[in-house]
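Worksheet: the structure to be examined is printed underneath.
There are 2 protein chains.
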Amino acid sequence: MQLTAHTDYALRVLIYLTMHTEKLVTITELADFFGISRNHLVKVVHKLGVKGFVRTVRGKGGGICLSRPAADISVGKVVREIEGHFQMAECFNPKKQGQCAIQNGCGLIGVLGNALEQFLQTLDKTVLSDLVKAPMARNGIGSLDAAQRNPG
Amino acid sequence: MQLTAHTDYALRVLIYLTMHTEKLVTITELADFFGISRNHLVKVVHKLGVKGFVRTVRGKGGGICLSRPAADISVGKVVREIEGHFQMAECFNPKKQGQCAIQNGCGLIGVLGNALEQFLQTLDKTVLSDLVKAPMARNGIGSLDAAQRNPG
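For the protein sequence lines, the chains are A and B, in the order given.
313 is the number of the first residue of the first sequence in this note's numbering; add one for each residue after it.
313 is the number of the first residue of the second sequence in this note's numbering; add one for each residue after it.
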């Protein structure tokens, strides 16, 4: 069981933006920092924009930033919106419903659905700013930025 | 987010065995009933045996059955044992640890781990016998069996 790579990357992008509220961040910067392909990040950032988590400023000096304070964005909402589906077993798939031979006598979908809801509700209680362990993180990232800006 | 097909099939096999404690069940019967490939089921049933959930009786008239009462087998234990891993994001993968640029300042692994634990603990509270909605299920399955045994 795992989240999709897209959700994983989306969370990392949002955490990075939470650590860098002082500036606009480019996709190139994110790709270099995380070592994730630019193509993947373009799709992830586009989806984050469509879902209203980030705001894009176009043009020279442009980039992305959080659309609202990190303390107002719950991790649960991000995972719910970005993860494509939560079809824990085949019986969750609308296209496959009615095809499992035991479905009429089986309570699996209810039990897995309840467990999934507990998973998401736990994430609902955490906001992006909770994920950043300041000052260690901010210092760590800041130092790396400085080193990258002034190599040697 | 989803469970692997192996876990999905393992749960279905165990539910079927819970509905049929009166007899030994063959892999051919399971494959025909669920429309799942025999090859997949051989692997799933083997793993269920290794993990101690089912018992195999070899030879003519042989088959598999639950190794203990359905009321003593928790869904959480089955999912924990059969699902290969619970690496919700890349930072859960031991081989990738140390590779994420923000890990020192990031609380994601703790939050996702906590949510995962809530998911599993919810499943821990349910046993196999809870999943079978008798008498509808037992009647439904029984009727189908009878129809299959006596076509026409």
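Glycine included, every Cβ here is placed at the ideal spot set by N, Cα and C.
Would you decide whether residue 374(B) is buried or exposed? Buried here means 16 or more other CB atoms lie within 10 Å of its CB.
Within the second sequence, the letter at position 62 stands for residue 374(B). When all chains shown are included, residue 374(B) counts as exposed.
Which of helix, strand or coil does DSSP assign to residue 349(A)?
Stepping through the first sequence from its first residue, residue 349(A) is reached at position 37. Note: residue 349(A) maps to coil in three-state DSSP.
Name the two residues that bound the continuous alpha helix (DSSP H) containing residue 438(A).
As a first step, residue 438(A) is located in the first sequence; it is residue number 126 there, counting from the start. Premise fails: residue 438(A) is in no alpha helix (DSSP H) and is neither H nor E.
Do the CB positions of residue 424(B) and residue 400(B) come within less than 8 Å of each other?
Residue numbering aside, residue 424(B) sits at position 112 when the second sequence is read from its first letter. Residue numbering aside, residue 400(B) sits at position 88 when the second sequence is read from its first letter. In this structure, residue 424(B) places its C-beta atom within 8 Å of the C-beta atom of residue 400(B).
Does DSSP put residue 367(B) in a helix, a strand or coil?
Within the second sequence, the letter at position 55 stands for residue 367(B). It is a strand residue.
Check this for me: beta carbons of residue 440(B) and residue 326(B), under 8 Å apart or not?
Locating residue 440(B) in the second sequence gives position 128, where the first residue counts as 1. Locating residue 326(B) in the second sequence gives position 14, where the first residue counts as 1. Taking 8 Å as the Cβ cut-off, residue 440(B) and residue 326(B) qualify as a contacting pair.
Got a sec: which bits of the stretch 375-387 of chain B sit with their beta carbon under 7 Å from any beta carbon on chain A, in order along the chain?
The residues in question are 387.
Which term fits residue 384(B), buried or exposed, when burial requires 16 or more other beta carbons within 10 angstroms of its beta carbon?
Working through the second sequence from its first residue, we reach residue 384(B) at position 72. Burial call: exposed.
List, from N- to C-terminal side, the alpha helix (DSSP H) runs of 4 residues or more that fit wholly inside the stretch 356-433 of chain B.
387-394
Let me make sure I understand the geometry here. Which of 428(B), 357(B) and 390(B) has the alpha-carbon closest to that of residue 339(B)?
The count along the second sequence starts at 1 and reaches residue 339(B) at position 27. Nearest of 428(B), 357(B) and 390(B) to residue 339(B), Cα basis: 357(B).
Is there at least one Cβ from chain B nearer than 8 Å to residue 434(A)'s Cβ?
For the purposes of this step, residue 434(A) is taken as the residue at position 122 of the first sequence. Chain B contact via Cβ: present.
Taking residue 392(A) as the query, report the chain B residues whose CB atoms sit under 7 Å from its CB, ordered along the chain.
Translated into the one-based positions of the first sequence, residue 392(A) becomes position 80. For residue 392(A), no chain B residue has a C-beta closer than 7 Å to its own C-beta; the minimum C-beta separation is roughly 10 Å.
What is the rounded straight-line gap between the Cα of residue 422(A) and the Cα of residue 432(A)?
Stepping through the first sequence from its first residue, residue 422(A) is reached at position 110. Stepping through the first sequence from its first residue, residue 432(A) is reached at position 120. In a straight line, the C-alpha of residue 422(A) is about 15 Å away from that of residue 432(A).
Please confirm whether residue 346(B) has its beta-carbon closer than 8 Å to some beta-carbon of chain A.
Stepping through the second sequence from its first residue, residue 346(B) is reached at position 34. Yes, its Cβ sits closer than 8 Å to a Cβ of chain A.
Name the chain A residues whose beta carbon is nearer than 7 Å to that of residue 410(B)?
Position 98 of the second sequence, counting from 1, holds the residue named residue 410(B). Residues of chain A passing the Cβ test: none, with the nearest at roughly 13 Å.
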